[in-house]
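For the sequence shown, my numbering gives the first residue as 1030, with consecutive numbering after it.
For every residue, glycine included, the Cβ atom is placed at its ideal position computed from N, Cα and C.
Working notes, structure below.
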Amino acid sequence: MELKLSFHGGAGTVTGSRHLLSAGRRKVLVDCGLFQGLKQLRLLNWQRPAFDPRDVDAVILTHTHIDHCGYIPRLVAEGFGGDVHCTAPSKQLAPVLLMDSAKLQEEDAAYANRKGFSKHHPALPLYDSDDVRRAMRRFRALRSDAWMDIGDGVRFRFHDAGHILGSAFAEVRVEKAGRERVFVFSGDIGQYDAPLHNDPAPLPPCDALVIESTYGDRAHDPTPFIDQVRRPFAETLRRGGTVLIPAFAMARVQLVTIVLRQLMERGELPEVPVHIDSPMAVEITGIYRRYAGSRELDAAMTDDEWARLFPREVRLHETVEESREINAMRGARIIISSSGMLTGGRVLHHLRRLLPGEEHLIALAGYQAPGTRGRALLEGAPTIRMHGRDIPVRARVIEVRGLSSHADAGGLMRWLRSGPSLPPRIFVTHGEPDAAAAFAARIERELRITPTVPALGDVCDLSGGGTAGSMRRRDDRERAPGVRVLHARLVREVTLASPLHEHGHDDVDVVVIVDRADHAGLRRPRRLERDATAVEHGQHLLQVLAVERDLRSLALDGRIE
């Protein structure tokens, strides 16, 4: 039986998770997410997958964050005809998240067509609401710990991942010639001892593990969230400013409102209006409440805490008209709106109004992927591009930690050690290149296991009797005839504000520079002549790759020697 594992997303990046397990005649796709962040990543959403969606027998969905489920409607539109297996809470949450995703795309396309700033005429959404409704007909709920037989010796079950409501990691068993091979796909692993959600279930024994590394290079700030926001929130509200919290509607909004309620009840924050401008957040809160007291959520949450989830002055805004009314309101108030990384949605209209005002505060309360407006704000961008305009940043911007639904590096290592044995083969995925590399190095250092950090498109053949397998990297594929490929040499990491030859690289005629956050796959490298400067091209913190002289055609094989 052929047994291969290929990586079509969540490799070299923290978004777009798609892992394809091919076991003989069966092909199972674990997660099917949207690429987010950098433009070159978002453009991948428009490319037909490297595999044929019509050949996929089933999708195993670990949870309903868009970077794990957001491509499913497009997959169905491209010909996928199998079932999407998920937990019962995920089946209830999925239409909320996917409809919101479709709506954002429809609205953005319509806005681009009205304003005429799109390169495409007309601008179209990746998928629409009808595509979501068609996709939802394929969702099947599976009880945790119950086995699902896909056929031809392939079966799987879910275990609680403790990340968000309904999140799970998947244990997949493949029987081959009387022997069973076990694969575990982590999805996203949650924090231990966190409110609202359970601790992750222990890792079962397995032959190979695919594990996320979102926070693989860092530890969460031990300072409680409530202590981080108390002073900056109070200062902003005292001077009559607005606090804008771009929050993820899933889990994050619910935790933020609990903290705000506590601060206001103690008198540490004034009782100001709190606007939750997200119909999705309101709907998701209702789903969370349905599972209050069940084994799906933290049993330590009391009925009183669930009943008093919101501050007294909370105002829920579901319609577009209600959202617009907030922009006309002045005076001290708090606005919670999605999306959390400022990639789209109603929050952009609030951001556009508040950014130029020094009295306001933007509190980023979650992970900000490279290429998003949230990441740009964290890195001190003087302007933010929105709806075809550059908006000056004068408002105060802070990053608050402690509400992440992801385990940090220590939490991931704790989960790795939680089972009766360690997996002999580990694939580190779903992380920025630095995070994935750091986490892989820590695994090797502490566990004496050498992990694989796959790149986008890599395929591992696990058909042999052992667990090692063989990896075919994407640069081993056939290339167009006549294209010369070479290894690039990493020179240094700098910010180029002057011509390259002034940095002592007189022997180099051509360089290729790649944004630091995107260097792992060397996707869409930029070619510069030796007298060019990076600043002219809007580049910052670059990897500088020196390339041999006299090359008429430049190509890269995706590796750094």
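query, result
"Could you check if Pro1421 is buried or exposed, using at least 16 other CB atoms within 10 Å of its CB as the buried criterion?", "exposed"
"Need the endpoints of the alpha helix (DSSP H) that Cys1489 sits in, please.", "Run containing Cys1489: none in the alpha helix (DSSP H); it sits in the beta strand (DSSP E), 1488-1490."
"Closer than 7 Å by C-beta to Arg983: which residues in its own chain qualify, once you throw out the five before and the five after it? Chain order, please.", "Residue 983 lies beyond the stretch modelled for the chain, which goes from 1030 to 1590, so this question has no answer here."
"Measure from the alpha carbon of Gly1369 to the alpha carbon of each residue in Ser1433, Glu1325, Arg1425, then state which is nearest.", "Ser1433"
"Would you call the CB atoms of Leu1284 and Leu1225 closer than 9 Å?", "yes"
"Fully enclosed by the region 1231-1275, which beta strand (DSSP E) runs are 3 residues long or longer?", "1237-1241, 1271-1275"
"Would you decide whether Glu1294 is buried or exposed? Buried here means 16 or more other CB atoms lie within 10 Å of its CB.", "exposed"
"Per DSSP, what are the beta-bridge partners of Ala1199 in this structure?", "Phe1187, Phe1214"
"Residue range of the alpha helix (DSSP H) that Leu1034 falls in?", "Leu1034 -> not in any alpha helix (DSSP H); beta strand (DSSP E) instead, spanning 1032-1038."
"Smallest Cα separation from Arg1172: which of Leu1232, Arg1471, Met1165, Asp1189?", "Asp1189"
"Is His1048 helix, strand or coil by DSSP?", "strand"
"What are the uninterrupted segments assigned as alpha helix (DSSP H) that are 4 or more residues long and contained completely in the region 1419-1477, given in chain order?", "1438-1445, 1462-1476"
"Taking three-plus beta-carbon pairs below 8 Å as touching, is the region 1271-1282 in contact with the region 1354-1369?", "yes"
"Out of curiosity, what's the CA-to-CA distance linking Gly1195 and Arg1375?", "26 Å"
"For Asp1160, name the three-state secondary structure that DSSP assigns.", "helix"
"Locate the beta strand (DSSP E) running through Gly1180, then write down its first and last residues.", "1177-1180"
"Do Leu1390 and Thr1271 have their C-beta atoms within less than 9 Å of each other?", "yes"
"Just verifying my parser: in three-state terms, what is the DSSP assignment at Arg1169?", "strand"
"Pick out whichever of Ala1398, Ala1464, Asn1142, Gly1099 has its Cα sitting closest to the Cα of Gly1066.", "Ala1398"
"Scan the region 1367-1415 and note each continuous beta strand (DSSP E) run of 3 residues or more that stays entirely inside, going in chain order.", "1390-1393, 1412-1415"
"Can you tell me where the alpha helix (DSSP H) with Arg1290 in it begins and where it stops?", "1281-1294"
"Applying the 10 Å Cβ sphere with the 16-neighbour rule, what's the burial state of Met1358?", "exposed"
"Using only the alpha-carbon positions, how far apart do Pro1233 and Ala1199 sit?", "10 Å"
"Suppose you measure from the CA of Gly1045 to the CA of Leu1491; what does that come to, to the nearest Å?", "23 Å"
"Using only the alpha-carbon positions, how far apart do Gln1257 and Arg1184 sit?", "45 Å"
"For His1378, which option in Val1349, Phe1080, Gly1448 has the closest C-alpha, if you only look at C-alpha atoms?", "Val1349"
"With a threshold of 7 Å on Cβ separation, who are the neighbours of Ala1079 within its own chain once the five nearest residues in sequence on each side are excluded?", "His1037, Gly1486"
"Where do the ends of the beta strand (DSSP E) carrying Ala1087 lie?", "1087-1089"
"Please state if the CB of Leu1070 and the CB of Cys1098 are separated by a distance shorter than 9 Å.", "no"
"Taking 9 Å as the CB-CB limit, is Asp1236 close to chain C?", "Checking the listed chains, one finds no chain C in this structure; it contains a single protein chain."
"Beta-carbon within less than 8 Å of Ala1138's beta-carbon, same chain only, minus the 5 sequence neighbours each way: which residues are those?", "Ser1147, Pro1151, Ala1152, Leu1153, Pro1154"
"Where does Leu1345 sit, in a helix, a strand or coil, going by DSSP?", "strand"
"What does a CB cutoff of less than 7 Å around Val1006 pick up in its chain, not counting 5 residues either side in sequence?", "As shown, the chain starts at 1030 and ends at 1590. That puts residue 1006 outside it, with no answer to give."
"Here's a check: name, in chain order, each residue in its chain whose Cβ is nearer than 7 Å to the Cβ of Glu1387, leaving out the five neighbours to either side.", "Arg1423, Ala1424"
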